[in-house]
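Protein chains in written order, with the numbering used here: chain E, 5 to 383; chain A, 5 to 383.
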C-alpha cells in the first residue's frame with residue numbers, strides 16, 4: 005500500500021498545525037493531499053505556508069467528493085465534527101476527529117454508529133494519551149497495582165483565560181458557537197484521561213457550574229463536579245479558567261495505595277497489603293498498613309499530536325491498535341454533558357444521560373445565545 | 005490573684021492528658037484541684053498518676069458544688085459538653101470545653117448564651133489553632149496578601165481507622181454514643197481551621213456522606229462536601245477514615261495568588277497584581293499575571309493543648325485574648341451539622357441551618373442507634 009492521501013478540513017489553530025506536520029513529511033506513510041476551509045485568509049495561509057502540492061477547497065462537498073483523499077482529519081468547529089465525519093465515512097474514508105468528539109452525545113453516537121458501519125479507521129485527537137505519565141497511571145491501575153479504586157480527585161484549574169481571549173472571536177464561549185465553556189473547550193483532555201487512566205466512568209454526577217463567574221461570557225468558567233462510580237467509589241473534578249496560578253493535581257486512591265500526579269510528577273504510595281484485608285484482620289487501636297513511597301520512572305517521550313496522527317496512519321496502513329479510538333470520544337463528552345445537565349436540573353443525574361433531553365436543553369441555550377450570526381467563524 | 009483552681013470532668017484520653025499537664029505544673033497560674041468521672045478505674049488512674057492534692061468526685065453535682073474550683077475543663081462525651089458547661093457558668097465558673105463544642109447546634113447555642121450571660125472566660129480546645137502554620141495562613145488572608153478568596157479545597161483523609169478501633173468501645177461511631185462519625189470525631193479541627201484561617205463560613209452546603217462504607221458502623225466514614233460562600237467563592241471538603249495512606253492538603257485560591265499546605269509545608273504563590281485587574285486590562289491571547297513562588301518561614305512552636313490551656317488561664321488571670329473563644333465552637337459544628345442535614349435531605353442547605361430541624365432528625369437517628377445502653381461509657 006502506498007502513501008495515505010490525507011485531507012484536512014477546518015484550518016484553525018489545530019487544523020493549521022496538522023497541515024504543517026503533514027506537509028513537512030513528519031508523518032510516515034501519509035501525504036497531505038487536500039485542505040478545506042470557507043475562509044479566504046485561511047486558504048491563503050495554506051498557500052503561503054506549505055511546500056507540497058495541495059488541493060485547496062472552500063466547499064465541503066467538493067472537498068469530500070473530488071479531492072480523491074483516503075482519509076480526513078476533521079478540525080472544524082466542535083458542533084460540526086459528527087456531521088462531517090458521517091459524510092466522510094459514507095464515502096469510505098478513514099477519519100481522525102479533533103476533540104471534543106462533538107457537543108452533545110446524541111450526534112456523537114450517530115457518528116460512532118456510522119464509523120462502525122463503515123469499518124474504517126476512526127481516531128480522535130486525545131493527544132494527552134501519548135503522555136507516558138498517564139500511560140503509566142493506566143498501567144498501574146489496569147495491572148491491579150493500585151487495587152480497587154476508592155476515590156478520584158482532579159483539580160485542573162490551570163486553564164487561565166483573560167477576558168481578551170474570549171473577546172478575540174465572537175463565537176468563543178457561546179452556546180451557539182462552541183456549545184460550552186471550560187468543560188468543552190479546555191478540559192476535555194482531562195475528562196478523557198480521568199476515565200481512561202482509571203477505566204471507570206461515573207455512574208452518577210452532581211455538578212455545580214458557575215456561568216460567567218470570572219468573565220463576560222454566557223457559558224461556564226468554573227465547575228465543581230462530584231461523581232459516584234458503580235463500585236461505590238466517589239470522585240471530584242474541579243476546573244476553572246479564572247484562577248491564577250492554576251493547579252493541576254490528580255489523586256487516585258485505591259485499596260493498595262495512592263497515586264498522586266502534580267507538576268508532571270507521579271508518586272505512588274504503595275501499601276504492602278490490601279487495606280481491606282488489614283482492616284479485617286488488625287486488632288490494635290490506631291495502626292494502618294505499611295506504606296512505601298515509590299518513585300516510578302516515566303520512560304519515553306510525549307509524542308503528542310504527531311504521535312496521534314502517526315498512530316492513526318499506522319492503524320490504517322498496518323492495523324496498529326489505536327491509542328485513542330474515535331468511539332471513545334463519547335466518554336468525556338458524556339461526562340461533560342452530564343455535568344451541564346446536573347447543573348441545569350439542579351439534581352444528581354445518572355449516566356448515560358438521556359441524550360435527547362440534553363439535546364433539547366442545549367437547543368434552548370442556543371436559542372438565547374448572544375452569538376447572532378448563523379454561520380461559523382472558522383469553517 | 006492567686007492560682008486558678010481548676011477541675012477536670014471526664015477522664016478519657018483527653019481529660020487524662022489535661023490532668024497530667026496540670027498536675028505536673030506545666031500551666032502557669034493554674035492548679036489542679038478536683039477531677040470527676042463516674043468510672044472507678046479512671047478515678048483509680050488519677051490516684052496512681054498524679055502527685056498533687058486532688059479531690060476525687062464520681063458525682064457531677066458534688067464536683068460542681070463542693071470542689072471549690074474557679075474553672076472547669078470539660079472532657080466528657082460530646083453530647084454532654086453544653087449541659088455541663090451551662091451548669092458551670094451558672095456557678096460562676098470559667099469553662100474550657102473539649103471539641104466538638106457539642107453534637108447539635110441547638111444545645112451549643114444555649115451554651116453560648118449561658119457563657120455570654122455569665123461573663124466568664126469560655127474557651128474551646130481547638131489546639132490546632134496554636135500551629136504557627138495555620139496562624140500564618142490566617143495572617144496572609146486577614147492582611148489581604150491573598151486577596152478576595154475564590155476557592156477553598158481541603159482533602160483531609162489521613163484519619164485512617166481500622167474496624168478494631170471502632171470495636172474497642174461500643175459507643176464509638178454510634179448516633180447515640182457520639183452523634184456522628186468522621187466529621188464529628190476526627191475532622192472537627194480541620195472544619196474549624198477551614199473557617200478560621202479563611203474567615204469565611206459557607207452560605208450553602210451540598211454534601212454526600214457514605215455511612216459504614218469501610219467499616220461496620222452506623223455513622224459516616226466518608227464525606228465529600230461542596231460549599232458556596234457569600235462572596236461567590238466555592239469550596240470542597242473531603243474526609244474519610246477508610247483510606248491509607250491518607251492525604252492532608254489544603255488549597256486556598258485568592259485574587260492575588262494561591263496558598264497550598266501539604267505535608268506540613270506552606271507554599272504561597274503570589275501574583276504581582278490582582279487577577280481581576282489583569283483580566284480587565286490585558287489585551288493579549290493567552291497571558292496571565294506574573295506569579296512568584298514564595299517561601300515563607302513558619303516561626304514558633306506548636307504549643308498544642310498546653311498552649312490552649314495556658315492561653316485560657318492567662319485570659320482568666322490577665323485578660324489575654326483567647327486564641328480559641330468557646331463561642332466559636334459552634335462554627336465547625338454548624339458546618340458538620342449542615343453536611344449531615346444536606347446528606348439526609350439529599351439537597352443543598354443554607355447556613356445557619358434550622359437547628360430545631362437538625363435536632364429532630366438527629367433524634368430519629370438516635371432512636372434507631374445500635375447502642376442499646378442508656379448511659380455513657382466514659383463519664
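For each residue, glycine too, the CB sits at the ideal point set by N, CA and C. Keep in mind the model is a prediction, meaning the values are calculated, not measured.
Considering only residues of the same chain and omitting the five flanking positions on each side of residue 129/E, which have a CB-CB separation below 6 Å? 102, 103, 312
I'd like to know whether the C-beta of residue 2/E is nearer than 8 Å to at least one C-beta of chain A. This structure cannot settle anything about residue 2/E, because the visible part of chain E is limited to 5 through 383.
Which chain E residues are close to residue 291/A, counting only those with a beta carbon under 7 Å from its beta carbon? 166
Among 345/E, 155/E, 308/E, which has the Cα closest to the Cα of residue 363/E? 345/E
Where the beta strand (DSSP E) containing residue 45/A begins and where it ends: No beta strand (DSSP E) contains residue 45/A, which is instead part of the alpha helix (DSSP H) from 44-53.
Tell me whether residue 122/A sits in a helix, a strand or coil according to DSSP, three-state version. helix
Could you give the distance in angstroms between the alpha-carbon of residue 63/A and the alpha-carbon of residue 41/A? 7 Å
Select from the stretch 202-221 of chain E all residues with a C-beta closer than 8 Å to any C-beta belonging to chain A, and list them in chain order. In summary, the residues of the stretch 202-221 of chain E whose CB is separated from some CB of chain A by less than 8 Å are 210, 212, 214, 217, 218, 219, in the order they occur in the chain.
Distance, residue 180/A Cα to residue 14/A Cα: 18 Å
Any idea if residue 290/A is buried or exposed, counting beta-carbon neighbours within 10 angstroms, 16 or more meaning buried? Result: exposed.
If I measure Cβ to Cβ from residue 366/E and keep anything under 6 Å in the same chain, skipping five residues before and after, which residues do I get? 108
Taking all protein chains shown into account, do 16 or more other C-beta atoms lie within 10 angstroms of the C-beta of residue 343/E, making it buried, or fewer, making it exposed? Classification for residue 343/E: buried.
Counting along the chain, where does the beta strand (DSSP E) carrying residue 207/A start and finish? 206-215
Pull up the CB-CB distance for residue 27/E and residue 56/E, whole angstroms please, since I reckon it's below 8 Å. 5 Å
Does DSSP put residue 136/A in a helix, a strand or coil? helix
I'd like to know whether the C-beta of residue 81/E is nearer than 8 Å to at least one C-beta of chain B. This model lacks chain B altogether, as its protein chains are E and A.
Just to make sure I have the definition right: I need the residues of chain A whose C-beta is within less than 7 Å of the C-beta of residue 248/E. Which are they? 275, 279, 292, 293, 295
What do you reckon, are the CB atoms on residue 284/E and residue 221/E nearer than 8 Å? Between residue 284/E and residue 221/E, the CB-CB gap reaches or exceeds 8 Å.
Residues of chain E with CB under 7 Å from residue 228/A, in chain order? 230, 238, 240
Taking the beta strand (DSSP E) that residue 170/E falls in, what are its first and last residues? Note, residue 170/E: premise wrong, no beta strand (DSSP E); alpha helix (DSSP H) at 167-171.
Can you tell me whether residue 306/A is helix, strand or coil according to DSSP? In the structure shown, residue 306/A sits in coil (DSSP, three-state: anything other than H, G, I, E or B).
Rank 145/E, 301/E, 330/E, 10/E by C-alpha distance to the C-alpha of residue 34/E and give the top, closest one. 10/E
Looking at C-beta atoms only, is the number of pairs between the stretch 226-239 of chain E and the stretch 271-285 of chain A that lie closer than 8 Å three or more? no
If we count Cβ pairs, one from each stretch, closer than 8 Å, do we get three or more for the stretch 294-313 of chain A versus the stretch 185-202 of chain E? no
Can you check whether the C-beta of residue 283/A is within less than 8 Å of a C-beta belonging to chain E? yes
If you check the beta carbons only, do residue 197/E and residue 233/E fall under 8 Å apart? At the C-beta level, residue 197/E and residue 233/E stay beyond 8 Å of one another.
Integer Cβ distance of residue 211/A from residue 347/A, believed to fall under 8 Å: That pair is a contact at about 5 Å.
Taking Cβ positions only, does residue 153/A come closer than 8 Å to chain E? no
Leaving out five residues on either side along the sequence, give the residues of the same chain with a beta carbon under 6 Å from the beta carbon of residue 12/E. 19, 22, 23, 39, 77
Nearest residue (CA-CA) to residue 159/A, options 132/E, 127/E, 254/E, 186/E: 254/E
Below-8 Å beta-carbon distance, residue 371/A vs any chain E residue: no
Can you find a C-beta in chain A that's less than 8 Å from the C-beta of residue 180/E? Under the Cβ distance rule, residue 180/E does not count among the residues neighbouring chain A, no pair being separated by less than 8 Å.
Compute the beta-carbon to beta-carbon distance between residue 326/A and residue 127/A, rounded to the nearest angstrom, for a pair I have assumed lies under 8 Å. 5 Å
According to a CB-to-CB cut-off of less than 7 Å, which residues of the stretch 34-66 of chain E neighbour chain A? none
Distance between residue 93/A and residue 357/A (C-alpha atoms, nearest Å): 26 Å
Quick check on DSSP: helix, strand or coil for residue 300/A? In the three-state reduction of the DSSP assignment, residue 300/A falls in the coil class, being assigned neither a helical nor a strand state.
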